[in-house]
Amino acid sequence: MRARRYAACCAVANRRNRTTGVEVVIEAWIVGGLIGYLLGSVPTGLWIGKWRGGEDIRASGSGRTGATNTFRALGLRWSVTVLVLDAVKGALPILIVMAVWDSPTGEVVAGLAAVVGHQFPLYAGFRGGRGAATALGAMIAIMPMGALFALGTALPILLRVKVMSLATLTGATSAAIGISLLAAYGHAPDAYIAYAVGTWLLVLVGHKDNIERIASGTERVLSMGRTAT
Numbered sequence: 037m038r039a040r041r042y043a044a045c046c047a048v049a050n051r052r053n054r055t056t057g058v059e060v061v062i063e064a065w066i067v068g069g070l071i072g073y074l075l076g077s078v079p080t081g082l083w084i085g086k087w088r089g090g091e092d093i094r095a096s097g098s099g100r101t102g103a104t105n106t107f108r109a110l111g112l113r114w115s116v117t118v119l120v121l122d123a124v125k126g127a128l129p130i131l132i133v134m135a136v137w138d139s140p141t142g143e144v145v146a147g148l149a150a151v152v153g154h155q156f157p158l159y160a161g162f163r164g165g166r167g168a169a170t171a172l173g174a175m176i177a178i179m180p181m182g183a184l185f186a187l188g189t190a191l192p193i194l195l196r197v198k199v200m201s202l203a204t205l206t207g208a209t210s211a212a213i214g215i216s217l218l219a220a221y222g223h224a225p226d227a228y229i230a231y232a233v234g235t236w237l238l239v240l241v242g243h244k245d246n247i248e249r250i251a252s253g254t255e256r257v258l259s260m261g262r263t264a265t
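In the numbering used here, the protein residues as written are 37 to 265.
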């Protein structure tokens, strides 16, 4: 009789634990996604441009708020500042999810939401950047090896041909492949494959016009003189 009661109590406890686990995951998705989107929506390039001279950097260059267009409008120093801050926007929501919920799928949702927020910012009329720096920051937080894949292929291309979009697309592709392979061989949670592929797709969407210009041979080339050709 006691054995039956003990078994019944264990079954109830297991059901409660499973329910609690599901609730934690759902909470991580909802709250992590909300935090990611709201932080990702902070238009650092736009705000810095207005603070520096009242200029909306979307009125020049590519019409975006990211580090590359900030470089064209404000120069290298402010471009680096925007790059770092945009990367922090991607990393911070993931670090929060790691600290509070320890949910790999929650980390994925938070990271992707941050990239979406950067591309379609709530605080800037849903006209933001292309998402590359925010995606990189999220990748550094979620899996640093993926960031090494991205930078290891993007930087040589950038230094060689000085086409930021081509470098970004190459880096995003190599990171997606690298993270997916690591996860497939058990070196990372399977959920990270969703982040790698999701980020790659978001970066592709963000660079749609760049891809068209690359195909036609008319894509802009970075110049230290801030001009684009």
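Note that CB positions come from ideal geometry on N, CA and C, so glycine has one too.
- By the C-beta criterion, the segment 187 to 203 is judged not to be in contact with the segment 138 to 158, since fewer than 3 inter-stretch pairs fall below 8 Å.
- When C-alpha distances from residue 200 are compared across 168, 210 and 219, the shortest belongs to 168.
- A straight line joining the alpha-carbon of residue 181 with that of residue 218 spans about 9 Å.
- The Cβ atoms of residue 221 and residue 178 lie no closer than 9 Å to each other.
- Taking C-alpha positions only, residue 193 is separated from residue 149 by approximately 28 Å.
- Close CB contacts of residue 206 within its chain, under the 8 Å cut and outside five residues either way in sequence, are with 189, 190 and 193 (chain order).
- For residue 185, the closest C-alpha among the options 209, 104, 137 and 66 is that of 209.
- Nearest to residue 111 by C-alpha distance, out of 72, 204, 240 and 89, is 89.
- Contact check for residue 145 against residue 65 passes: the beta carbons are separated by less than 9 Å.
- Around residue 96, the same chain offers 109 as residues with beta carbons nearer than 6 Å, after the five sequence neighbours per side are excluded.
- About 7 Å separates the beta carbons of residue 151 and residue 174, which is inside the 8 Å limit, making them a contact pair.
- When the alpha-carbon of residue 99 is set against those of 114, 113 and 82, the nearest one is in 82.
- In terms of CA proximity to residue 211, 171 leads the group 226, 249 and 171.
- Residue 68 holds the alpha-carbon nearest to the alpha-carbon of residue 129 among 215, 141, 118 and 68.
- Between residue 239 and the set 196, 203, 166 and 250, the nearest pair of CA atoms involves 166.
- Residue range 112 to 136 is occupied by the alpha helix (DSSP H) that includes residue 114.
- Residue 241 and residue 133 have their C-alpha atoms roughly 26 Å apart.
- Judged by their CB atoms, residue 72 and residue 164 are not nearer to each other than the 9 Å cut-off.
- Cβ contact annotation for residue 233 (same chain, cutoff 8 Å, sequence separation greater than five): 212 and 216, in chain order.
- The beta carbon of residue 119 sits closer than 6 Å to the beta carbons of 103 and 169 from its chain, once the five residues preceding and following it are set aside; these are given in chain order.
- Taken through DSSP and simplified to helix, strand or coil, residue 156 comes out as coil.
- Shortest Cα-Cα distance from residue 226 to any of 123, 135 and 142 involves 142.
- Residue 241 sits in a helix when the DSSP states are folded into three classes.
- Taking a 10 Å sphere around the C-beta of residue 251, we find fewer than 16 other C-beta atoms and assign the residue as exposed.
- Residue 86: member of the alpha helix (DSSP H) spanning 80 to 89, first to last residue.
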